[in-house]
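Written below as structure tokens is the structure these notes are about.
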Amino acid sequence: MPASDAGDETIAAVERLLRARLRDNPGVAEIAAALHLTERTLRRHLLLAGSSFKAIHDRLRCERALELLREHRLTIAQVGASIGFRDAREFRRAFKRWTGEAPRNARG
1 MPASDAGDET
11 IAAVERLLRA
21 RLRDNPGVAE
31 IAAALHLTER
41 TLRRHLLLAG
51 SSFKAIHDRL
61 RCERALELLR
71 EHRLTIAQVG
81 ASIGFRDARE
91 FRRAFKRWTG
101 EAPRNARG
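Numbering-wise, the sequence shown is residues 1 to 108 according to UniProt numbering.
So, in structure tokens, the structure goes:
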């Protein structure tokens, strides 16, 4: 199997596991264990595929936050909690870093 295919499969597996566990905010060690890989091996596979655990995790959290903000009437704190943030302030900072705007401005 070409390296790019293996990398794509690794990214897809990481995305699948993260989506299922966003609320729990899993770390790279937990995801690596679920994939029966060492943390170092998972990081290496992702790097070879041109990505990183943090980039994938942040992208999925941002996508889910945008969905929740646009489709549901949850509070900012509830949206943050649903994607693994302990407090609303931490979520607001991350959201602004990801999108350049405050979560309240992303409401649909």
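For glycine and all other residues, C-beta sits at the position ideal for the given N, C-alpha and C.
* 8 Å contact criterion, which GLU39 and ALA29 should meet: CB distance rounded -> 5 Å
Between GLY100 and chain D, is the shortest Cβ-Cβ distance under 8 Å, so that the two count as touching?
Of the protein chains in this structure there is only one, and it is not chain D.
- prompt: At what residues does the alpha helix (DSSP H) containing GLY80 begin and finish?
  reply: In this chain, the alpha helix (DSSP H) harbouring GLY80 covers 76-82.
Hey, how far is the Cα of GLU15 from the Cα of LEU46? 11 Å
*To the nearest angstrom, how far is it from the Cα of PHE53 to the Cα of LEU18?*
10 Å
- prompt: How far does the alpha helix (DSSP H) with HIS45 in it reach, from first residue to last?
  reply: 39-48
Grouping DSSP H, G and I as helix and E and B as strand, with all else coil, what is HIS57? The answer is helix: DSSP assigns HIS57 an H, G or I state.
Please classify LEU68 as buried or exposed, where buried requires at least 16 neighbouring CB atoms within 10 angstroms.
Counting Cβ neighbours within 10 Å, LEU68 comes out buried, since at least 16 surround it.
Count the other CB atoms, across all protein chains shown, that sit within 10 Å of the CB of ARG89; report buried if there are 16 or more and exposed otherwise. exposed
- [ ] Quick one: measure Cβ to Cβ for ARG23 and ILE83, integer angstroms, because I've assumed they're closer than 8 Å.
- [x] Confirmed, about 7 Å.
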